[in-house]
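Report on the structure given below.
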Amino acid sequence: MKICLVGNPNAGKSTLFNTLTGLNQKVGNYSGVTVDRLVGKLQLNQTSAELIDLPGTYSLYPKSLDEQIVFNTLLDPNSKSHPDLVLLVVNATQLRRSLVLASQIIELGLPAILVVNMIDEAYESRVNIDKDHLEKELGIPVVPVSARKKIGIKELKSSIETHSMTAAKSPATVETTTVLDAAKAIINSDNNYSTLVQLILAEKSKGITAAERIQLIELRQRHDFKPMQAMGKDINQRFLQSNAIMSTMPSELTPPISSLSTTQKIDKILTNKWLGLPIAFLVLSAIFQAIFEFANWPMDWIESGFTVLNSWIAQLLPESWFRDLLTEGLLAGLSGVLVFIPQIAILFGLLAILEETGYMARISYMLDRLMRKFGLSGKAVVPMMSGFACAIPAIMATRNIKSWKERLI
């Protein structure tokens, strides 16, 4: 059985993945930190399942390469990662926004369980999650959990074992039309919403053949079907549906005006209109100053160690091509590479701290306007910073940037 974790960025999918599988996977607080599918084994009482952690996305309509992975996995039945069950991971403190993606996947007809993560933070923020109301409105099981504190994990595993692998009975938002009926006949589908998504994104979809793609594009032209308008209408309808669900659920309890959490108090300073950018530049400057200050000692040790080793081998071995190969070739090459490891290790250690605290996402948000002047977005800050240490992780990090032009820059 294949189970996919799907949800918005920063919903806690990677933390839940680690909790369920025990694998040590990177857990971050920056949109797009999970840029590849990660597979692990989920051990249940009666059986085991393959658990796949998909990249974070806000909707089924992909705008970046990592979101395209989610689209291809869910819409292509022939994909090697196509799930038998979807765990829809949502942030309990941002449930209204998270339900947009959840409603899309439910209407695809995929068996699903809604995992309301960070339930402990919701209670601290005086947000009450009405489990029964959500189950009634969405038509799927709902399990509140806290992946970080391992609350509700046993209940989630039990729900996975007992959950029937049948499509959810959710209210349909897509009405049958002439163009939709024709598209269903082309791709041999009986699901209105799945067909609509394939029709809108025919050029990007891997779940259809080349011949079907051509027929769908021609169908759009004949019926003057505008993909962008249909996409916008779909998203708007789902926001309205999400608002309707939340408005009828007594979940959001307004905290006292004067009660700000410690995080909110810190945020008011770090994202302040006047203080935010100077603080961000000070933090980034401090990071790079720390890199060069703290890396000097281990770099000197590595260089000195290779110098001593080189001299020892030169004295030990007689003069020959083999000695020259070791001293001037192998050891010199290793020394030139290993001497930079302290800088790279310190850089990624400090970046990990920024990601875990959530400050990396805030830096990207604040620098977005400045980066726009250079044709980039705030997301480019992370690849640029990584590039000072090593080009390979910097290039990999560009996959969460939406625009091909920005990735190239």
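Numbering (my numbering), first residue to last: 14 to 422. Every residue gets a Cβ at the ideal spot worked out from N, C-alpha and C, and that includes glycine.
Taking the alpha-carbon positions, what's the residue i to residue j distance?
{"i": "Ala243", "j": "Ile213", "result": "7 Å"}
{"i": "Pro124", "j": "Asp79", "result": "23 Å"}
{"i": "Gly20", "j": "Thr70", "result": "6 Å"}
{"i": "Ile357", "j": "Ile304", "result": "8 Å"}
{"i": "Leu330", "j": "Arg336", "result": "6 Å"}
{"i": "Ile135", "j": "Leu108", "result": "The question names Ile, yet the displayed sequence has Ala at residue 135. The alpha-carbon atoms of Ala135 and Leu108 are separated by roughly 10 Å."}
{"i": "Met262", "j": "His146", "result": "7 Å"}
{"i": "Asn174", "j": "Gly53", "result": "First, the residue type needs correcting, since residue 174 is Glu and not Asn in the sequence shown. Going from the Cα of Glu174 to the Cα of Gly53 covers about 17 Å."}
{"i": "Asp143", "j": "Pro75", "result": "31 Å"}
{"i": "His95", "j": "Lys162", "result": "29 Å"}
{"i": "Leu229", "j": "Ile376", "result": "42 Å"}
{"i": "Thr60", "j": "Leu127", "result": "21 Å"}
{"i": "Ser202", "j": "Ser298", "result": "55 Å"}
{"i": "Pro22", "j": "Ser207", "result": "23 Å"}
{"i": "Ile200", "j": "Asn91", "result": "14 Å"}
{"i": "Glu120", "j": "Lys392", "result": "31 Å"}
Quick check: residue i and residue j, are their CB atoms within less than 8 Å of each other?
{"i": "Ser116", "j": "Val103", "result": "no"}
{"i": "Val158", "j": "Leu169", "result": "yes"}
{"i": "Leu232", "j": "Ala257", "result": "no"}
{"i": "Ile82", "j": "Leu101", "result": "no"}
{"i": "Phe252", "j": "Val129", "result": "no"}
{"i": "Leu73", "j": "Val210", "result": "yes"}
{"i": "Phe307", "j": "Ile354", "result": "no"}
{"i": "Gly220", "j": "Asp89", "result": "yes"}
{"i": "Asn204", "j": "Gly122", "result": "yes"}
Does the Cβ of residue i have 16 or more other Cβ atoms within 10 Å, making it buried, or fewer, making it exposed?
{"i": "Phe294", "result": "exposed"}
{"i": "Pro396", "result": "buried"}
{"i": "Ser27", "result": "buried"}
{"i": "Thr190", "result": "exposed"}
{"i": "Met373", "result": "buried"}
{"i": "Val321", "result": "exposed"}
{"i": "Gln56", "result": "exposed"}
{"i": "Asn249", "result": "exposed"}
Within a Cβ cutoff of 7 Å, which residues of the same chain sit near residue i, ignoring the five residues on either side of it in sequence?
{"i": "Ile292", "result": "Leu283"}
{"i": "Met379", "result": "Thr284, Gly289, Leu290, Ala293"}
Tell me whether residue i sits in a helix, a strand or coil according to DSSP, three-state version.
{"i": "Ala125", "result": "strand"}
{"i": "Glu216", "result": "coil"}
{"i": "Asp97", "result": "coil"}
{"i": "Glu332", "result": "coil"}
{"i": "Pro154", "result": "coil"}
{"i": "Asp203", "result": "coil"}
{"i": "Val187", "result": "coil"}
{"i": "Val113", "result": "helix"}
{"i": "Ile166", "result": "helix"}
{"i": "Ile65", "result": "strand"}
{"i": "Ile270", "result": "With a pLDDT of 44 at Ile270, under the threshold of 50, the predicted position of this residue should be treated as unreliable, though the coordinate-derived value follows. Coil at Ile270, not helix or strand."}
{"i": "Gln81", "result": "helix"}
{"i": "Gln56", "result": "strand"}
{"i": "Ile292", "result": "helix"}
{"i": "Ser390", "result": "coil"}
So, at 6 Å on beta carbons, what are the nonlocal neighbours of residue i in its own chain, with the 5 sequence-adjacent residues on each side left out?
{"i": "Val192", "result": "His236, Phe238"}
{"i": "Ile315", "result": "Leu351, Val352"}
{"i": "Leu383", "result": "none"}
Near residue i, what residues of its chain come up, given a Cβ to Cβ distance below 8 Å and the 5 sequence neighbours on each side ignored?
{"i": "Thr106", "result": "Met131, Glu134, Ala135, Ser138, Val140"}
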